[in-house]
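Enquirer: So the protein lines, in turn, are chains A and B. For the first sequence, UniProt numbering begins at 1 and goes up steadily by one. For the second sequence, UniProt numbering begins at 1 and goes up steadily by one.
2 protein chains.
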Amino acid sequence: MTRTSPDIRVAVSTVIFTLRPSPEGATLALPLVRRTRDPFEGLWALPGGWFDETEGLDAAASRTLAETTALAPSYLEQLYAFGDVDRSPTRVVSIVYWALLRQDQVDEQRAAHEADGTAPENVQWFAAEDLPRLAFDHNTIVDYALWRLRNKVGYARIAHGLLPDEFTLADLREVHESILGRKLDPANFRRQIEASGTLIPTERFRTGSHRPARLYRYDGAIELAARGPIPTPTDTDTTDRNEER
Amino acid sequence: MTRTSPDIRVAVSTVIFTLRPSPEGATLALPLVRRTRDPFEGLWALPGGWFDETEGLDAAASRTLAETTALAPSYLEQLYAFGDVDRSPTRVVSIVYWALLRQDQVDEQRAAHEADGTAPENVQWFAAEDLPRLAFDHNTIVDYALWRLRNKVGYARIAHGLLPDEFTLADLREVHESILGRKLDPANFRRQIEASGTLIPTERFRTGSHRPARLYRYDGAIELAARGPIPTPTDTDTTDRNEER
DNA sequence: ACAAAAGTGTTTGACATACACCCATGT
DNA sequence: ACATGGGTGTATGTCAAACACTTTTGT
């Protein structure tokens, strides 16, 4: 208790999920950063950085996320603190967050980069299920984040965090199917979502090659997930505690 | 990414739960330590300390727990990392764990202390629902740990972590009732537990003032709680990741 | 007209709740 | 014998899964 704090540095990393169009509907993807210095130089790693002394944990996660993607997350939650002795040559404790980004915002960002040629160097998006060997223990961290996402989508209304403001039930179902990796019954999915009371139907419809589908939007008055008794979201209003259930 | 780590210290704290006998069955209790130095001197705080440079997060939590109670936890899980800028006069990030202690072990420990007069100074057990004002943000932390415990007891088999090796279903039900704060139907409780398949019936019975009740013990081959795809419990075999559900 | 997706209705089974009832022991 | 908690049986409601069916559009 009375010993002074040894030389341990604190880092923040974030597992950032979004959906990419793919042959079979959509695929979870996340951005990685190629390391340009010694520990694990050349390998891909989760975006992150050191803490600024004047910012809280959530703020640091948001900042490093913005530095990588130039986007604000639609969902942000602390995942876990990793601090094994051997996870890095020097002693580093990483506070890891996970986040969701809206599909359309990522697309806009990507289009802008292609237009003005300011493609971010050393940042690349990978399919979440097909990652290379990552630096540090980051493969373990991504696996854990994926597990948490799949778990949480079953009981918390977070899937719309990957969609634009207005979406059809088929869109939302496709998100669930992409995350869970299996098909869902459209009829039962509709009833579950409607019963949850978290979606507001609009008067607009999406017209496609078949019968038009009603567009819905998320009811912002309802919290994304059940949280602890003392919410205390420090900065973003989309920040949440972990474990919900 | 390239800035160097500022002066942030990393601490570990643990919310340690056990059950105390009380008029209405049993009550959740936790040990607190009176602060003897400046930030919040005189107030009660969660047991904890700084990290040893050579130990992992889980090990540090176990160590500080042992320093406070001289006991090994029957369950240990990381709760959350707290790092608001204003939570301490100096910048401290606390990795907080929560733990369960077996009732009988705590009793033994207490009896030993009373016998040889080595009552630990500055450590005192408090009822979890009736705490004084604590140092730092520790009231918030305890509330969150209580929420997580109540949540988790509903879907994970952790309640036996508060009981001796052999116990009756009434004992186990009392634990659930104490944690949840409401009475449970004995018949339905029995069926739920039996259906979970986590308890092994013994041939022993507890004889009381009425019909003897069968003693059960926990099936150690079954994990306490569903965990992520990559378990990696670093030291204790009772260590678990947070949030399962 | 027909294909295909949107949306509705119905049946089934799993499971939690409520509660009536029987069992076995100490006093 | 009887009070008390241990333990079983049974009816009810909720909800998710499965799937047949109707509706509405584009071609």
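Where a beta carbon is used, it is the ideal one built from N, C-alpha and C, also for glycine. As the structure is a prediction and not an experimental result, all values here were calculated from the model.
(1) How is E53(A) classed by DSSP in three states: helix, strand or coil?
(2) Is the CB-CB distance between L180(B) and R150(B) below 8 Å?
(3) Is it true that the stretch 209–222 of chain A meets the stretch 154–170 of chain A, where meeting means three or more beta-carbon pairs spaced less than 8 Å apart?
(4) Would you mind reading off the limits of the alpha helix (DSSP H) that contains F126(A)?
(5) To the nearest angstrom, report how far apart L199(A) and N188(A) are at their CA atoms.
(6) State the beta-bridge partners of I200(A) as determined by DSSP.
(7) Are at least three pairs of beta-carbons, each pair with one atom in the stretch 32–50 of chain A and one in the stretch 127–136 of chain A, less than 8 Å apart?
(8) How would you label T202(B), buried or exposed, when you count the other beta carbons within 10 angstroms and need 16 or more for buried?
(9) What in chain A is Cβ-close to F95(B), meaning under 9 Å?
(10) Am I right that A145(B) and L65(B) are in contact with their C-beta atoms under 8 Å? What's the rounded C-beta distance?
(11) Assign A29(A) to buried or exposed, taking buried as 16 or more other Cβ atoms, counted over all protein chains shown, within 10 Å of its Cβ.
(12) Runs of 4 residues minimum, wholly inside the UniProt domain "Nudix hydrolase" (7–150) of chain B: which ones carry the alpha helix (DSSP H) assignment?
(13) For K152(A), is the classification buried or exposed, using 16 other Cβ atoms within 10 angstroms of its Cβ as the cut-off for buried?
(14) Report the residue from V96(A), A195(A), A119(A), G117(A) whose alpha carbon sits nearest the alpha carbon of R148(A).
(15) Quick one: does T54(B) have its CB under 8 Å from some CB of chain A?
(16) For V10(A) versus V142(A), is the C-beta spacing smaller than 8 Å?
(17) Sort E174(A), V85(A), Y218(A), G220(A) by Cα distance to S22(A) and report the nearest one.
(18) Measure the CB-CB distance between L163(A) and H176(A) and report whether it falls below 8 Å.
(19) Note down, one range per segment and in chain order, each alpha helix (DSSP H) of at least 4 residues found wholly within the stretch 171–201 of chain A.
(20) With the cut-off set at 8 Å, would you say R87(A) and D7(A) are in Cβ contact?
(21) State the Cα-Cα distance for the pair T68(B) and Y155(B), rounded to the nearest angstrom.
(22) Enumerate in chain order the residues of its own chain whose CB-to-CB distance from A159(A) is below 8 Å, with the five nearest sequence positions on each side excluded.
(23) For A119(A), collect the residues of the same chain with a Cβ closer than 7 Å to its Cβ; drop the 5 residues on either side in sequence, then sort them by chain order.
(24) Just to confirm the assignment, what range does the beta strand (DSSP E) spanning T168(A) have?
(25) Flag I158(B) as yes if its beta-carbon sits less than 8 Å from any beta-carbon of chain A, otherwise no.
(26) Look at the alpha carbon of P39(A) and the alpha carbon of Q105(B), and state the distance between them as a whole number of angstroms.
(27) Can you tell me the Cα-Cα spacing of E194(A) and Q103(A), whole angstroms?
(28) Give me the chain A residues within the contact set of V153(B), using Cβ-Cβ distance strictly less than 7 Å, ordered along the chain.
(29) Taking 8 Å as the cut-off, decide whether the C-beta atoms of G208(B) and Y75(B) are in contact.
(30) Given a cut-off of 8 Å, decide if F51(B) and V12(B) are closer than it, judged by their beta-carbon atoms.
(31) For the stretch 160–173 of chain A, which residues have a beta carbon sitting closer than 8 Å to at least one beta carbon of chain B?
(32) Quick one, which of A61(B), E129(B), T54(B), D107(B) has its alpha-carbon nearest T27(B)'s?
(33) Can you tell me the Cα-Cα spacing of R206(A) and G49(B), whole angstroms?
(34) Would you call the CB atoms of L32(B) and Q109(B) closer than 8 Å?
(35) Spatial neighbours of A127(A) within its chain, please: CB distance less than 6 Å, with the 5 preceding and 5 following residues excluded, ordered by chain position.
(36) Could you work out which residue in R191(A), G197(A), E41(A) is closest to P89(A) when comparing CA atoms only?
Expert: Inspection of the coordinates gives the following:
(1) By 1-based counting over the first sequence, the position of residue 53(A) is 53. DSSP places E53(A) in coil when its eight states are reduced to three.
(2) For this step, residue 180(B) is matched to residue 180 along the second sequence. For this step, residue 150(B) is matched to residue 150 along the second sequence. The answer is yes: Cβ separation under 8 Å.
(3) yes
(4) In the first sequence, the residue the question calls residue 126(A) occupies position 126. Looking at the DSSP string, F126(A) is not in any alpha helix (DSSP H); the run it does join, the beta strand (DSSP E), is 123–127.
(5) For the purposes of this step, residue 199(A) is identified with residue 199 of the first sequence, where counting begins at 1. For the purposes of this step, residue 188(A) is identified with residue 188 of the first sequence, where counting begins at 1. Straight-line Cα distance between these residues: approximately 16 Å.
(6) As a working mapping, residue 200(A) is identified with position 200 in the first sequence. In DSSP, I200(A) forms a bridge with R217(A).
(7) yes
(8) The count along the second sequence starts at 1 and reaches residue 202(B) at position 202. T202(B) is exposed by the Cβ-count criterion.
(9) Locating residue 95(B) in the second sequence gives position 95, where the first residue counts as 1. First, the residue type needs correcting, since residue 95(B) is Ile and not Phe in the sequence shown. Here the neighbours are A81, G83, V93, I95.
(10) Reading the second sequence from its first residue, position 145 is the one you call residue 145(B). Reading the second sequence from its first residue, position 65 is the one you call residue 65(B). Rounded, the Cβ-Cβ distance is 13 Å, inconsistent with contact.
(11) Taking the first residue of the first sequence as position 1, residue 29(A) is located at position 29. Its Cβ being crowded by 16 or more others within 10 Å, A29(A) is buried.
(12) 57–69, 103–116
(13) Working through the first sequence from its first residue, we reach residue 152(A) at position 152. Counting Cβ neighbours within 10 Å, K152(A) comes out buried, since at least 16 surround it.
(14) The residue you call residue 148(A) lines up with position 148 of the first sequence. Minimum Cα distance to R148(A) is reached at V96(A).
(15) As a working note, residue 54(B) is residue 54 in the second sequence. With 8 Å as the cut-off, T54(B) counts as an interface residue toward chain A.
(16) Working through the first sequence from its first residue, we reach residue 10(A) at position 10. Working through the first sequence from its first residue, we reach residue 142(A) at position 142. No, these two residues do not count as a Cβ contact at 8 Å.
(17) One-based indexing of the first sequence puts residue 22(A) at position 22. Checked all of E174(A), V85(A), Y218(A), G220(A); the closest Cα to S22(A) is E174(A).
(18) Numbered from 1 along the first sequence, position 163 holds the residue referred to as residue 163(A). Numbered from 1 along the first sequence, position 176 holds the residue referred to as residue 176(A). No, the pair does not count as a contact, with Cβ atoms beyond the cut-off.
(19) 186–196
(20) Residue mapping note: residue 87(A) aligns to position 87 of the first sequence, counting from 1. Residue mapping note: residue 7(A) aligns to position 7 of the first sequence, counting from 1. Against a cut-off of 8 Å, the Cβ pair of D7(A) and R87(A) comes out as no contact.
(21) Position 68 of the second sequence, counting from 1, holds the residue named residue 68(B). Position 155 of the second sequence, counting from 1, holds the residue named residue 155(B). About 29 Å.
(22) Counting from 1 along the first sequence, the entry for residue 159(A) is found at position 159. Excluding positions up to five away in sequence, the list reads V153, L172, V175, H176, I179.
(23) For this step, residue 119(A) is matched to residue 119 along the first sequence. The residues are H113.
(24) Here residue 168(A) corresponds to residue number 168 of the first sequence, with the count starting at 1. Looking at the DSSP string, the run of the beta strand (DSSP E) that includes T168(A) is 166–168.
(25) Mapped onto the second sequence, residue 158(B) falls at position 158. So, not an interface residue.
(26) The sequence position of residue 39(A) within the first sequence is 39, counting from 1. The sequence position of residue 105(B) within the second sequence is 105, counting from 1. One C-alpha to the other measures close to 45 Å.
(27) Along the first sequence, one-based indexing puts residue 194(A) at 194. Along the first sequence, one-based indexing puts residue 103(A) at 103. Between E194(A) and Q103(A), the C-alpha separation is close to 23 Å.
(28) Residue mapping note: residue 153(B) aligns to position 153 of the second sequence, counting from 1. None at all; the shortest Cβ gap to chain A is about 12 Å.
(29) Residue mapping note: residue 208(B) aligns to position 208 of the second sequence, counting from 1. Residue mapping note: residue 75(B) aligns to position 75 of the second sequence, counting from 1. No, they are not a contact pair.
(30) Reading the second sequence from its first residue, position 12 is the one you call residue 12(B). Reading the second sequence from its first residue, position 51 is the one you call residue 51(B). The answer is yes: Cβ separation under 8 Å.
(31) none
(32) The residue given as residue 27(B) occupies position 27 in the second sequence. The option with the nearest alpha carbon to T27(B) is E129(B).
(33) One-based indexing of the first sequence puts residue 206(A) at position 206. One-based indexing of the second sequence puts residue 49(B) at position 49. Distance between the alpha carbons of R206(A) and G49(B): 58 Å.
(34) Taking the second sequence and counting its residues from 1, one reaches residue 32(B) at position 32. Taking the second sequence and counting its residues from 1, one reaches residue 109(B) at position 109. In this structure, Q109(B) does not lie closer than 8 Å to L32(B) by Cβ.
(35) As a first step, residue 127(A) is located in the first sequence; it is residue number 127 there, counting from the start. If we look at A127(A) and ignore the five residues flanking it on each side, its Cβ neighbours are T27, A29.
(36) If you number the first sequence from 1, residue 89(A) lands on position 89. Nearest option by C-alpha distance: E41(A).
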